[in-house]
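For the sequence shown, the positions run 4 to 189 when the numbering used here is used. Even for Gly, the Cβ is constructed at its ideal location relative to N, Cα and C. Before any comments, here is the structure.
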Amino acid sequence: NNQQLIDKKQIEIQQAQTDIDNYQLDIDRVTTEKTALQNEILDETKINSKYKQLHNMEAKLENTCSKHKKDLQFFETHNDCPTCQQSIDEAFKTSIVDKKKNKVIEIDSAMSQLVKEITTTEQRLHSINETMIAIREKELLINRYETSISEIKKYMAIKQNEIDELSDDKFTTGVATGQLTQLQEQ
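Put into structure tokens, the structure is as follows:
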């Protein structure tokens, strides 16, 4: 009976070892997938930096454009200088208005290109965030596999202890049988 129990427990240990091997294969596979995902987002720092720079540039352009529009509005609505009360020369006024209009058009064009670049960068950042979520999911999966392996190892240790106890019982029974035989002879 003890030998049958020992054999059964050894089979359970072998099955548990097979489970550990399978979990280890899963860990290796998921780790490879995680590494591939991490390689996809190596540019994260660069993209974040670019995104901040683009927004700073956008703010500067908006500020500059606002200043030019303000100047343009002033020259379009005033014929006299409010400070010195002198009349503004019409040729000078026309020249300044044309320059300011051209500058506003130029800045608006740059702003539209900048907005396109910001949109592209935001899409990349969104993609990076999705990839990071996938990486975290892979890490959680690896942790679950490692926990399972740990629990299986505990189970294997318990089974091994049971085998050892059964083996010890066999030894103890053999010793007891030997002592009984000696007593009977006496």
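Proximity of Ile9 and Lys162 at Cβ, strictly below 8 Å: Not closer than 8 Å, so no.
Going by the CB atoms, is the gap between Phe78 and Lys103 shorter than 8 Å? Cβ distance < 8 Å, so Lys103 and Phe78 count as in contact.
Determine the DSSP secondary structure at Asp167, reduced to helix, strand or coil. Looking at Asp167 - three-state DSSP - the assignment turns out to be helix.
Quick one: what does DSSP say Asp83 is sitting in, helix, strand or coil? Strand, per DSSP.
Residues sharing a beta bridge with Ser90, DSSP: Bridge partners of Ser90: Asp83.
Just to confirm before moving on: does the CB-CB distance between Thr122 and Ile44 stay below 8 Å? For Thr122 and Ile44, no; Cβs fall outside 8 Å.
Work out the CA separation of Glu109 and Ser115 for me, nearest whole Å. Distance between Ser115 and Glu109, taken at the CA atoms: about 10 Å.
Using three-state DSSP, classify Asn4 as helix, strand or coil. DSSP places Asn4 in the coil class of the three-state scheme, outside both helix and strand.
Buried versus exposed, by CB contacts within 10 Å (16 or more), Lys141: Classified as buried, Lys141 has 16 or more neighbouring CB atoms from the shown chains inside 10 Å of its CB.
Is Ile145 buried or exposed, if buried means 16 or more other CB atoms sit within 10 Å of its CB? Burial of Ile145 is indicated by the presence of at least 16 other C-beta atoms within 10 angstroms of its C-beta.
For Cys84 and Asp92, the rounded distance between their alpha carbons: Going from the Cα of Asp92 to the Cα of Cys84 covers about 10 Å.
Closest residue to Asn4 among Ile166, Thr180, Gln189 (Cα-Cα distance): Residue Ile166 is the option with its Cα nearest to Asn4.
Rounded to the nearest angstrom, what separates Tyr54 and Lys70 at their Cα positions? Distance between the alpha carbons of Tyr54 and Lys70 is about 24 Å.
Would Val118 and Cys68 qualify as a contact pair, given that the criterion is a beta-carbon distance under 8 Å? At least 8 Å separates the beta-carbon of Val118 from that of Cys68.
Excluding sequence positions up to five away, which residues of its chain have a Cβ less than 8 Å from the Cβ of Leu40? Spatial neighbours of Leu40 in its own chain (CB-CB distance under 8 Å, excluding positions within 5 residues in sequence) are listed in chain order as Thr134, Ala137, Ile138, Lys141.
Return the CA-CA distance between Ala113 and Glu36, expressed in angstroms with no decimal places. Going from the Cα of Ala113 to the Cα of Glu36 covers about 41 Å.
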